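Residue numbers (our numbering), protein chains in the order written: chain A, 1 to 212; chain B, 1001 to 1562. No residue lacks a Cβ here, since even glycine has one placed at the ideal position from N, Cα and C. For clarity, every value in this text was computed on a predicted model and none was experimentally measured.
Encoded structure:
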């Protein structure tokens, strides 16, 4: 399980941006599939963020800035990526620059990831556990998910000691919570609810004429 | 009293033993933006419109209001300042519900049913959905029973029937709330459950009002639902629906008569406008959303007189347990025969019942309840043709129009008789009132016209002068102080005295004293006349004779106040 899985579950705020990003991502994946480079391109996209932008955030700001014109950006792109990146990826960056959409790289990457998972029959599953999941349990979980969703599960997740025990599995918008923390919370609420009902109904015996 | 530790331990132990762990499955989303009582949520792709959602970290609930392509607009019911971007939101699979039943009677609650009166938690297993569908055509019957407000001018000229919707409309400070409160206080003897919904009012006003209701013993059968002006707009918006649900419980489940006051719908409309604009729904006239009419019509449509269901049962059965299938006679398909509504009942009495000697016609328990609505609308400068007033006027079955100039002239309640109407209540008036009040309204309207003419200072002939004198006296008689609702029989007697000219000789300033002394005289010395009227509910010639004699007997006894 890697630590950056959380990213998928922190969506981009702007809904309109997302819609545009999806269009570009779809175009990109279509041409990548035609060339049989879908996986390689995903890796390239990932590497752009994890290796380049992480070590040099100003570079991302430069691409995202509207203050810099198309021309200077194209020059930089050419200098940096020509020859180093695959032809398809380089072309894609140039097209984005042409349309002044380089600021959308992040949402495009997310949309690409989603589309790629969808088309290859994979299912991203986010798992939170109190302690790191042992391999045999992890395999059992994968087996279970495979049978339930008929897709190849890709587990991402993190260790969250606050759960106390058990695990929390999230698939898309659905959350399956089998953590000890939630169960303790439920039982606490149940006890409070039932006791206050008892107290009230006994008190009512004195105050209402019906009583028993 | 001492606690027994092992007893508590054993209770907890049994709870834990009984606890069955199951995986908590929920659909989740995340808050994108939040503010002004609404939140935009990403995810929740399977949420239903109107479904209740929960902000898990802070435990606040909300309702899915807008379902959009990529996000869900949620109205937050409660404190929204704690909610932050990125918070988890979960679905509950339920509609918004409020606690109902005897546990809320006598309480002051917010629109979610949380107590606001420091009288401990409201614990009950009875709940009803806040939004529910109004009964259809077959489920209703015509309004046929009066709802006595105890206010002379209303009960005489714009009578309200049980199940009716009568709008109270007027400028600020014209006594709109006073009428509603008097109507609630008057239900003490009438066995009507009351719900008062305060929307966007000052908490101090509501506190004063609850104090008054308590003082007059009205809190024993009243629920006060309050969403004050400091509460977020979503709470103000759902308050009338929540109050209505509390009344509906008694109407549908127990067949009781209920009265619901919505004070006032202008503020609710403003709250709904705020929500809709924040949700970016397109604004229409006066920036209200397109469905503002529906917001009010679906609320007021829930007032109803539920059809009575009657069955023929043996004489000795317990009336409070009768159900639909108890009828001894069968329909062709083998079910128990049920007679629905007054026409069916009459048919059963005339034709079917005689075939079953030793049997009676019994009402199915829980049918025949009613919900009377008194919505209140505040106008600006008497402008009834503004958007919200015209909407609500067209929805309701009549309106009581209050005017500031009348109010300032000391005519209280400041009802403008000319344009106040009640479209269905006339059928529900008791016969005695119908007999004497028939012409009252026209006479008063004619008087107002004449009065305007008389102010020009022209010489008036004797007939006109006497008509004017009568008018002044009638106006005096129809005045009524607050918190003094009057029994309908007393109303009949005093209005009778007025319309028959017995008060014409009394100076206008002394009419109130005359009325008070006269009614006391009737109660203490001529109680047989009063009781006969109470029993017969109409002015038979015999009773009228007695009443006339009583008035003539009283006339010389009147002592003018110093």
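- Shown here for residue 1404 of chain B: same chain residues with a beta carbon closer than 6 Å to its own, the five before and five after excluded, namely 1171, 1174 in chain order.
- DSSP lists B:1029 as the bridge partner or partners of residue 1043 of chain B.
- With the rule of 3 Cβ pairs closer than 8 Å, the region 1197-1206 of chain B does not count as touching the region 1021-1040 of chain B.
- Interface residue (Cβ-Cβ distance to chain B less than 9 Å): residue 51 of chain A is not classified as such.
- Between residue 1422 of chain B and residue 1398 of chain B, the beta carbon gap of about 4 Å places them in contact (Cβ cut-off 8 Å).
- Taking 9 Å as the CB threshold, residue 178 of chain A lines the interface with chain B.
- 177, 178, 182, 183, 186, 187, 190, 191, 194, 195, 196: these are the residues of the region 177-196 of chain A whose beta carbon lies less than 8 Å from some beta carbon of chain B, given in chain order.
- Around the beta carbon of residue 1177 of chain B, 16 or more other beta carbons sit within 10 angstroms, so the residue counts as buried.
- The Cβ neighbour count for residue 1531 of chain B, taken over all protein chains shown within 10 Å, is under 16; the residue is labelled exposed.
- In the structure shown, residue 1471 of chain B falls within a helical segment according to DSSP collapsed to helix, strand and coil.
- CA-CA distance, residue 1152 of chain B to residue 1487 of chain B, rounds to 9 Å.
- Burial state of residue 1430 of chain B is buried, judged by a 10 Å Cβ sphere holding 16 or more other Cβ atoms.
- The beta-bridge partner set that DSSP reports for residue 1351 of chain B is empty.
- When the beta-carbon positions are compared, residue 88 of chain A and residue 22 of chain A stay at least 9 Å from each other.
- With respect to the C-alpha of residue 1196 of chain B, the residue from B:1034, B:1371, B:1125 having the closest C-alpha is B:1371.
- Around the beta-carbon of residue 1491 of chain B, 16 or more other beta-carbon atoms lie within 10 Å, marking it buried.
- Considering only beta carbons, the part of the region 1119-1133 of chain B lying closer than 9 Å to chain A consists of 1120, 1121, 1122, 1123, 1124, 1125, in chain order.
- For residue 1151 of chain B, the three-state secondary structure derived from DSSP is coil.
- Identification of residues in the region 1019-1035 of chain B having a C-beta nearer than 8 Å to some C-beta of chain A yields 1019, 1021, 1023, 1024, 1025, 1026, 1027, 1028, 1029, 1030, 1032, 1033, given in sequence order.
- By the CB criterion at 9 Å, residue 1224 of chain B and residue 1206 of chain B fall inside the cutoff.
- Classified as exposed, residue 1380 of chain B has fewer than 16 neighbouring CB atoms from the shown chains inside 10 Å of its CB.
- Here residue 1355 of chain B is exposed. Its C-beta has fewer than 16 other C-beta atoms within 10 Å.
- Per DSSP, residue 1514 of chain B lies in no beta strand (DSSP E); the unbroken alpha helix (DSSP H) holding it starts and ends at 1511-1524.
- Per DSSP, residue 1362 of chain B is one residue of the beta strand (DSSP E) stretching across 1359-1363.
- In the structure shown, residue 1253 of chain B falls within a helical segment according to DSSP collapsed to helix, strand and coil.
- Rounded to the nearest whole angstrom, the CA to CA distance from residue 1242 of chain B to residue 1065 of chain B is 17 Å.
- Here the region 1090-1100 of chain B does not lie against the region 1296-1309 of chain B, with fewer than 3 beta-carbon pairs under 8 Å apart.
- In terms of Cα proximity to residue 1545 of chain B, the closest of B:1346, B:1526, B:1559, B:1562 is B:1526.
- The CB of residue 173 of chain A comes closer than 8 Å to the CB of 1027, 1028, 1029, 1043, 1044, 1045, 1046 in chain B, given here in chain order.
- Distance from the CA atom of residue 1539 of chain B to the CA atom of residue 1504 of chain B, rounded to whole angstroms, is 22 Å.
- Looking at the DSSP output, residue 1099 of chain B shares a beta bridge with B:1127.
- At a Cβ-Cβ threshold of 9 Å, residue 1041 of chain B and residue 1014 of chain B do not count as neighbours.
- For residue 15 of chain A, the C-beta contacts it makes with chain B under 7 Å involve 1070, 1071, in order along the chain.
- Here DSSP, grouped into helix, strand and coil, assigns residue 1401 of chain B to strand.
- With three or more CB-CB distances shorter than 8 Å, the region 1080-1088 of chain B counts as touching the region 1051-1060 of chain B.
- Note on geometry: alpha-carbon atoms of residue 1454 of chain B and residue 1460 of chain B lie some 8 Å from one another.
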